[in-house]
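A.B. asks: Counting from 1, position 47 in the sequence shown corresponds to residue 37 in the working numbering; the numbering is continuous, with no gaps. For every residue, glycine included, the Cβ atom is placed at its ideal position computed from N, Cα and C.
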Amino acid sequence: MPTAKQLADTGYKTFSTSMMLLVVYGGYPCCARAYYYFCLHSSQRQAAEEQKSSGSHRTGRLFSLSREA
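(1) What is the DSSP secondary structure of residue -9, counted as helix, strand or coil?
(2) Once DSSP output is grouped into helix, strand and coil, what is the label at residue 3?
(3) Within 10 angstroms of the Cβ of residue 24, are there 16 or more other Cβ atoms? Answer buried if so, exposed if not.
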């Protein structure tokens, strides 16, 4: 029969291990999503700078009423 101290130690170790796994396996998707966001954000910024420098930006409107090719 285990003593109260042994039960408490086992419970503490089990709880600590579960929290450690939660942090590791829960933190990975969070970091991956943040990395994806920053990569996407930087690629959008580069595309905007390239569009600005190329001069292909005509009016700034989504739709133009004139028939420009």
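C.D. replies: Reading off the structure:
(1) coil
(2) helix
(3) exposed
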